[in-house]
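> Chains as they are written, first to last, in full-length UniProt numbering: chain U, 1 to 590; chain G, 1 to 590. Supplied in structure tokens, the structure appears directly below.
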């Protein structure tokens, strides 16, 4: 057999090593690459384009693109108006805040964002979490102004946190929300949100403030005397209509406009029905008067001290992470479909700045929404200009059309929310997870049940904790497998998987399948001792093989060894030598 | 080339898979192995021996073993008496509690423990942490009874926590205190402890209660008027004597009795000097009257409710983990030297039960001490009976010799503590860490500086946090390396390390060196995109190679792929196909 020499890698100073490591950790995408070898002027232009992506696509913008963006912008606006009002109610905020939040943030995002498909505005999950967390300390019914102030302050902290993650290149933190976690979490949140809508769908006036499945259901069935048949009739008719159009939209993506337009059509229809029949006097509750005009400033409403600061920061942190996860995932999904790049850290800065500005212009937390971005994409949006079109439409609405919503019944908002969140329950994905990886399914289930029976943020925390625990477990309990020789070759393979591989008498060949570090040296010591003892016990029993003389450890799959790992090898050699076994570590011909 | 077939591993049901995984995770040492195929009676005997290791070695105990154990037991008793008094003072507890804690726990350990070398009793680090944590809420000077109650309660929770870790087979939690963390933490704690001793060594009466390096030094230099030259003279003479004997003990292990006996000799000498010169009236503070008699019961002093419960549980948790780490590490070290096995989880139960019993018999937290176990080992101990001998000696002391300590000066206790903790500063090990792994050294430094400038528990938390962060980083940022073919073979190697490996035109061969899971799929996608872009940029620049046509990913070092990992491969294939690159994943001939 020919021998190939391993040369040590080129020498690097400690500083350079740390620099390299730092770069790989925080700048894996090497954002400065494009600046290399360019003139100063080009560098400035590239720099400005890097910070404001609008400068990249803006100069080449033409009528054809505009036409596409107008169509998609109007479509998402027709969705954004009813959803904005509905989601604000989900967060226990005045409905108009939902509309404000669909006006300023899209404009900011259009300038800073690098996704061409993201439709920005309030989203269900973040609204749900913000509402349920703030309600722990302040009641929106008895102290609406304070509640609003806390919501804006939380939004500010959410934005600050999101932008910092981007600036500090710590975007990988959101990677710890695994796919399984998200599937379970979303499904649980969707059920919680839907159950909450029973309040408006059944017309109950005295409803629990809690989010758990138990208090909500008890509220529903202990208040049967408050059920209003007019509300129920109207609610479930429109719910059926919305679900049907949603189904059509999914089955035939070309008919996206059916599902996209349905909420606005429902709102108009329901409003007309109420207006014509004066149903507000017959047990159907309506939104009521909404103030006309654009977003009022709200920077004087931000709380940076006082007794609720802790709650506000915590709420900001959690809604910030959750909405960031949704926004980034949506951006990446559609970027992959259209084959362009979305820079995660840059997106975080864009979303963060958008929320910081939003918090001082009466907006609550916003991000790129799954459902609206899909509609945007299907409607043929070409650039972030579709967000500008949407914002302009919202502006017109805020300035002139507010009186129209006076008679909009709350029940229709409930139906819109249920239709929107029902899509978050992804049973095929859950089944797929079960089939592929049982442990991932357990994570999924914990997130789901945690959200249902503990709390929205509790379920999330549990699922993230289990996911990280699983990763740490893989490290603390690395697999060790026994290898055997394939006769006639010098190749060694897993005895468990290769039928023709055979053991070599006197040799125990083990492969360790993880980096060796402080977290697993103790385990490896115990496990290897057990391997050798098992081997010797077998020798004693069968009397066929010769005793154990050599232990060979294959390190092909060991990518790193730390100082504890080095001590581990020293100690292992010592222990084995006392037993009369020779130990060698090497990379085998695999 | 011959083809060897991979057969799928034998089919296992989901339940069996989970069972196997569970066993590998929590029972890697397979404790029930020895019970297999034995008669019921033998099983009972083995079971009793498993729970009470004393039944294993007790029946074979003989006079020769006893002789060895008496020598070593008396030796460690001579060390345990002065150290017990000193460490109790370190925890701001009455000196006698240190003696109580060297009487009951060793007896319990002798019955339950599986190490033959562990010398059980109070230790410096755990004493330091307990004292400094409890002082945050209660002053031992103004409310000594409450302080004592909290100390016993913390001990109870420490024991409960330790025993639970053992019962639940979660012992691997202490593995997260890496070697580097411990080196830094110990050194920092040793300096903090030594600085605290300046109070008694300089004879200062009004000393700060804080532990940080800054308040302590300012206390020292703002109180120069309180320095007492008699105390300083006595203190530093004995300190020099103790350090000298310690040095002799290290250089010549056969003269272990010199260093082992020195503390007791110092105490006797110092006490005689004070008694003869009536120095207690000339600025030298003494211990004062100590109560005669064995441990009084203290179960009625345990607090399970009230305002300090949180602090007590936290203190129990931290002192529990730290003392467990020391005890297990000491046990394993000497077991490896004498080539016998110590079962980590069983040891945890033993140490835990010892502390639970201790907490109701006026003992504070105890474990196996580094320094005393080394003396025990050098003195030739054979079984845990040396702990019984030590306990009996302590009993005699408690019953009859207490009046002798009345004139023992506090300064000598300070000197004993400094001598004991100086050995915890392991500069060669720190240097070795720097040479081997810079990141581990950073962890070490953080633990060290955190202890010095933040707090003992703060430094520990920071270091553990960084260690875990490092492990997670290895997973979130797995190495990807480019492989090349070694001409004339079908072997592929790291291009960076094998000079004779060459690239194959049109092929990009990458090896991923970590399990692929939710935490790194995003990174891998970005990184692999960069690899392909780099490749294409190079092709453009040199015009020598042909364009990229195939991407081959070597998964030899990938031991696990979760559901996110599977989506990653699907998405990667989609992205690459759009670029006209073919992707294949395989295990290469390495």
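Note that beta-carbon positions come from the ideal geometry of N, C-alpha and C, so glycine has one too. No experiment lies behind these values; they were computed from the predicted model shown.
Should residue 414 of chain G go down as buried or exposed, given a rule of 16 or more other Cβ atoms within 10 Å for buried?
Result: buried.
> Compile a chain-ordered list of the residues in the stretch 455 to 478 of chain G whose CB is closer than 9 Å to at least one CB of chain U.
So the close ones are 467, 468, 470, 471, 472, 473, 474, 475, 476, 477 and 478.
> Beta carbons nearer than 8 Å to chain U: which residues of the stretch 113 to 136 of chain G have them?
Of all residues in the stretch 113 to 136 of chain G, none has a Cβ within less than 8 Å of some Cβ in chain U.
> Work out the CA separation of residue 526 of chain G and residue 551 of chain G for me, nearest whole Å.
So the two alpha carbons sit approximately 15 Å from each other.
> Once the 5 residues before and after residue 96 of chain G are set aside, which same chain residues still bring their CB inside 7 Å of it?
The answer, listed in chain order, is 290 and 291.
> Within a Cβ cutoff of 8 Å, which residues of the same chain sit near residue 464 of chain G, ignoring the five residues on either side of it in sequence?
For residue 464 of chain G, where only same-chain residues beyond five positions count, the Cβ hits under 8 Å are 176, 177 and 181.
> Would you mind stating whether residue 459 of chain G and residue 451 of chain G have Cβ atoms separated by less than 7 Å?
Taking 7 Å as the Cβ cut-off, residue 459 of chain G and residue 451 of chain G qualify as a contacting pair.
> Quick one: is residue 447 of chain U buried, meaning 16 or more other Cβ sit within 10 Å of its Cβ, or exposed?
Buried, by the Cβ-count rule.
> Beta-carbon within less than 7 Å of residue 494 of chain U's beta-carbon, same chain only, minus the 5 sequence neighbours each way: which residues are those?
Answer for residue 494 of chain U: 481 and 483, listed in chain order.
> Can residue 193 of chain U and residue 243 of chain U be called in contact, C-beta distance under 7 Å?
No, they are not a contact pair.
> At what residues does the beta strand (DSSP E) containing residue 480 of chain U begin and finish?
Unbroken beta strand (DSSP E) run through residue 480 of chain U: 480 to 485.
> According to the Cβ coordinates, are residue 372 of chain G and residue 119 of chain G closer than 7 Å?
Yes, the pair counts as a contact, with Cβ atoms nearer than the cut-off.
> Considering just the uninterrupted stretch of the alpha helix (DSSP H) at residue 376 of chain U, what are its terminal residues?
Per DSSP, residue 376 of chain U belongs to the alpha helix (DSSP H) from 370 to 378.
> Taking residue 101 of chain U as the reference, give the member of U/456, U/337, U/81 and U/231 with the closest Cα.
Checked all of U/456, U/337, U/81 and U/231; the closest Cα to residue 101 of chain U is U/81.
> I'd like the ranges of any alpha helix (DSSP H) spanning at least 4 consecutive residues and lying wholly in the stretch 396 to 478 of chain U.
Those alpha helix (DSSP H) runs which fall completely within the stretch 396 to 478 of chain U and span 4+ residues are 410 to 422, 427 to 436, 438 to 453 and 456 to 476.
> Taking 7 Å as the threshold (beta carbon to beta carbon), is residue 87 of chain G in contact with chain U?
So no, residue 87 of chain G is outside the interface.
> Between residue 20 of chain G and the rest of its own chain, which residues show a CB-CB distance below 6 Å, the 5 nearest in sequence each way excluded?
Within the same chain, residue 20 of chain G has no close Cβ partners at all.
> Give a yes or no on whether the C-beta atoms belonging to residue 393 of chain G and residue 77 of chain G are separated by under 7 Å.
Yes, they are a contact pair.
> To the nearest angstrom, how far is the alpha carbon of residue 501 of chain G from that of residue 486 of chain G?
Distance between the alpha carbons of residue 501 of chain G and residue 486 of chain G: 4 Å.
> Let me confirm a value: residue 162 of chain U is counted as buried when at least 16 other C-beta atoms fall within 10 Å, else exposed. Which label applies?
By the neighbour-count rule (16 or more Cβ atoms within 10 Å), residue 162 of chain U is buried.
> From residue 165 of chain U to residue 345 of chain U, what does the alpha carbon distance come to, in whole angstroms?
Their backbone Cα atoms lie some 7 Å apart in a straight line.
> Relative to the C-alpha of residue 342 of chain U, which candidate in U/352, U/236, U/328 and U/512 has its C-alpha closest?
Of the candidates U/352, U/236, U/328 and U/512, the one whose C-alpha sits nearest the C-alpha of residue 342 of chain U is U/328.
> Could you tell me which residues DSSP puts in a beta bridge with residue 295 of chain G?
DSSP, once it has assigned bridges, lists no residue as partnering residue 295 of chain G.
> Quick one: list the residues of chain G neighbouring residue 564 of chain U, beta-carbon separation under 7 Å, in chain order.
Here the neighbours are 178 and 179.
> To the nearest angstrom, how far is the alpha carbon of residue 112 of chain G from that of residue 167 of chain G?
Roughly 14 Å between the two C-alpha positions.
> How big is the Cα-Cα spacing for residue 549 of chain U and residue 508 of chain G?
Rounded to the nearest angstrom, the two C-alpha atoms are 42 Å apart.
> Whose Cβ in chain U lies nearer than 7 Å to the Cβ of residue 523 of chain G?
Chain U residues near residue 523 of chain G: 28 and 172.
> Could one say the Cβ of residue 288 of chain U lies closer than 7 Å to chain G's Cβ atoms, at least one of them?
Closer than 7 Å: no.
> Out of U/207, U/530, U/570 and U/376, which has the shortest C-alpha to C-alpha gap to residue 261 of chain U?
For residue 261 of chain U, the nearest C-alpha among the options comes from U/376.
> Is residue 548 of chain U helix, strand or coil when you go by DSSP?
Residue state, collapsed to three classes: coil.
> What are the boundary residues of the beta strand (DSSP E) that residue 511 of chain U is part of?
Run containing residue 511 of chain U: 507 to 512, per the beta strand (DSSP E) assignment.
> Kindly indicate which residue of U/297, U/294, U/370 and U/283 has the alpha-carbon position closest to the one of residue 325 of chain U.
Here the closest residue by C-alpha is U/370.
> Quick one: give me the first and last residue of the beta strand (DSSP E) that residue 592 of chain G is part of.
The first residue shown for chain G is 1 and the last is 590, placing residue 592 of chain G beyond what the model contains.
> Drop a sphere of 10 angstroms on the beta-carbon of residue 469 of chain G, count the other beta-carbons inside from all chains shown, and report buried for 16 or more, exposed for fewer.
Residue 469 of chain G is exposed by the Cβ-count criterion.
> Using a Cβ-Cβ cutoff of less than 6 Å, which residues in the same chain neighbour residue 441 of chain G once the five nearest sequence positions on both sides are dropped?
Once the five neighbours on either side are set aside, the close Cβ partners of residue 441 of chain G are 433 and 434.
> Do residue 123 of chain G and residue 367 of chain G count as a contact pair if the criterion is CB distance below 7 Å?
Yes. Within cutoff.
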